[in-house]
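Asks: Here the protein sequences come in this chain order: G and L.
-13 is the number of the first residue of the first sequence in the working numbering; add one for each residue after it.
-13 is the number of the first residue of the second sequence in the working numbering; add one for each residue after it.
There are 2 protein chains.
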Amino acid sequence: MSWEKSFDVDTALEKSMQVFWSKGFESASITNLIEETGVNRGSLYNAFGSKRALFVKSLLKYDQEYRKTTLAKLEALDQPSQAISRFFDDLVISTVEDTEHKGCFLFNTVLEAQQHDAEVNAIVANGLREIEGFFRRCIEVGQVRGEIRQDIQPESKAKAMLALALAIRVLGRGAYHESALNVIAAEAKSIIA
Amino acid sequence: MSWEKSFDVDTALEKSMQVFWSKGFESASITNLIEETGVNRGSLYNAFGSKRALFVKSLLKYDQEYRKTTLAKLEALDQPSQAISRFFDDLVISTVEDTEHKGCFLFNTVLEAQQHDAEVNAIVANGLREIEGFFRRCIEVGQVRGEIRQDIQPESKAKAMLALALAIRVLGRGAYHESALNVIAAEAKSIIA
DNA sequence: AGCAGCTTATACCGATCAGTATAACAAAAA
DNA sequence: TTTTTGTTATACTGATCGGTATAAGCTGCT
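#1: Note the first and the last residue of the continuous alpha helix (DSSP H) segment covering T93/G.
#2: Is the CB of R159/L under 9 Å away from at least one CB in chain G?
#3: Please return the same chain residues whose Cβ sits closer than 7 Å to the Cβ of K37/L, not counting the five positions on each side in sequence.
#4: Give the C-beta separation of L150/G and A111/G to the nearest angstrom, bearing in mind that I take them to be a contact with Cβ-Cβ under 8 Å.
#5: Secondary structure at F11/G, three-state DSSP: helix, strand or coil?
#6: List the endpoints of the continuous alpha helix (DSSP H) containing L19/L.
#7: For a test of the three-state rule: what should DSSP assign to D(-4)/G, helix, strand or coil?
#8: Taking the alpha helix (DSSP H) that T55/L falls in, what are its first and last residues?
#9: Which value, in whole angstroms, describes the spacing of the CA atoms of S(-12)/L and D(-6)/L?
#10: With DSSP as the reference, label Y162/L as helix, strand or coil.
#11: Could you name the residues of chain G that Q100/L contacts, counting a contact when the two beta carbons are closer than 7 Å?
#12: Where does Q139/G fall in DSSP's three states?
#13: How would you list, in chain order, the residues of chain L whose beta-carbon sits under 9 Å from the beta-carbon of N107/G?
#14: By the three-class DSSP mapping on this structure, what secondary structure does I177/G have?
#15: Can you tell me the Cβ-Cβ gap for A146/G and F74/G, rounded? I've got them flagged as a contact below 8 Å.
#16: Taking 9 Å as the cut-off, decide whether the C-beta atoms of A144/L and R122/L are in contact.
#17: Within 9 Å (strictly less), CB to CB, does A174/G reach chain L?
#18: Pair every Cβ in the stretch 15 to 35 of chain L with every Cβ in the stretch 88 to 107 of chain L, then say whether three or more of these pairs are closer than 8 Å.
#19: Measure the alpha-carbon distance for K43/G versus G35/G and round it to whole angstroms.
#20: Which word fits S165/L, buried or exposed, when buried means at least 16 other C-beta atoms lie within 10 angstroms of its C-beta?
#21: Kindly confirm or deny that the stretch 86 to 103 of chain G and the stretch 20 to 29 of chain G touch, where touching means at least three C-beta pairs closer than 8 Å.
#22: Does E118/L pass the burial test, meaning 16 or more other C-beta atoms within 10 Å, or should it be called exposed?
#23: Quick one: list the residues of chain L neighbouring L207/G, beta-carbon separation under 9 Å, in chain order.
#24: Tell me which residues share the same chain as A62/G and place their Cβ nearer than 8 Å to its Cβ, disregarding the 5 neighbours each side in the sequence.
#25: Are the CB atoms of Q4/L and E21/L within a distance shorter than 9 Å?
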C-alpha cells in the first residue's frame, strides 16, 4: 500500500448518516452528501461505491450506534420495569430535543423501505424485531421477578409498545407536541403498571 | 362559455390521488400523473395549476372520501364500543387487502409532511385531530351509557388509539404481517375492555 | 527518481425533473 | 362564419439527478 486515505471515512460516514437520516434516501442528493461530508465526488464514489451502498452503511451505523447501544444500556440496568419506563422517557426527550424533526432513522426507513431492496428491508426488519425483543424480555424477566403481573402477555404487549414507540417518533416529527407525546408515553408505560 | 371540459376532472383527480397515495409527493412525477390519468400535460396544468396544488386536492379528496366517511359511518352506528372495535377490525382488513402496500394516505403524509408547506400540514393535523376526536367521543359516550369503565381517561386513551392505528398502517406497509397487526389491533381494542 | 494510489477540481454523460410554449384541432357560442 | 376556449401532441426550457471520466497534484513506498 502506498498511501492512506487522507479524509476520515468514519467522519464522512457519520455526516452521510445525518444527511440520510434527516432527508431520507430519495430526497438526499449526492450533492447534499458532498457538501455535508466535504469529501470530493470521486473520493466518495471510490470509498463507498454508490448512493445506495452509502445509505446501507449509514443505516447500519445508525442501527449499531443508536438502536443497539440504547437497548443494550437499558438492558444492562437489569431492572426491567425501569428499563421500559426509561425507554419511553428517553424517547420523548430525544424527540423533543430533535429540533430538526429528523425522527428515528430506522422508523423513517420503515415507511420509505417499501421502495428499497431486500437488504434495507432486512436491516429495518431486524431492528424492529430487536426492539420488540427488548420489550418482551423486559416483561418476561419482570414477571419472573414478580415486578410485573403474570397475566400480561409478553409478546402482545411488546408489540403494542413497539407500535407506540414508532408512533411517538413519527408524530413527534411535527404533528404532535411534547404534551401529547408524553401522554402516549405514559400510556405505553401503563401497559405494565 | 364556449366549451365544456372533455375529460372528467373528478376521474383525473381520482387517478392522481391513487398515484400520490402510493408514491408520495416527491416520488410521484408529472409523467406518472399524465400516464395514469390519461390527461394531456397542458390540460393537467390548465385544470390544476401545479403538482403541489394537485397533491393538495388529492389529499383533500382522500380526507373527504376515506377518513371522513369512515369515521362518520362508524359514529352513525351509535354503539361506541363496537365502533372502536370495528374501526380496528376494518383497519387491519384494509391493510391486509392493500396488496400494493400503499398504507394510509393521511398517515403517509405525516412523515412526508415536514417538507411540505403549512397547507398540507394543516390538512394532516386536522385529520389526526378528528380521528383522535372520534375515539374520544366514542369513549365518552360509552362511559355515559355505562358500556365503558369510568376510570378511563378519554383523551389519553384516544391518543393511544390513534398512535396504534398509525402504527398498524405504517407497519402494515411491509414490516409486519397480518398476525402481528391483529395483535396490535387487539391491544388497541383492549384499552376499553 | 519513479511508480502507485488516493486526492482534488472540473467537466461531462444520459436521464429525468417541474413547468412552459406552440400549433393544429374540435366544439360550442356569437 | 368567426370567435372563444379547451383539447391534443410535441417540443422545449433550465435545473437537477446519479454516476463516470479526466487531468493534475500530493504522498509514501521501492
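All C-beta atoms in this analysis are idealised placements derived from N, C-alpha and C, irrespective of residue type, glycine included.
Replies: According to the structure shown:
#1: For the record, residue 93/G in the displayed sequence is Phe; it is not Thr. Looking at the DSSP string, the run of the alpha helix (DSSP H) that includes F93/G is F91 to E98.
#2: yes
#3: I16
#4: The Cβ separation is near 19 Å, so there is no contact.
#5: helix
#6: I16 to T23
#7: helix
#8: T55 to A62
#9: With a pLDDT of 45 at S(-12)/L, under the threshold of 50, the predicted position of this residue should be treated as unreliable, though the coordinate-derived value follows. When rounded, the distance between both Cα atoms is 17 Å.
#10: coil
#11: H87, R159 and G160
#12: coil
#13: G160 and A161
#14: coil
#15: That belief does not hold up - the Cβ atoms of A146/G and F74/G are roughly 12 Å apart, past 8 Å.
#16: yes
#17: yes
#18: no
#19: 11 Å
#20: exposed
#21: no
#22: buried
#23: Since the first residue shown for chain G is -13 and the last is 179, residue 207/G is missing from the structure and cannot be characterised.
#24: none
#25: no
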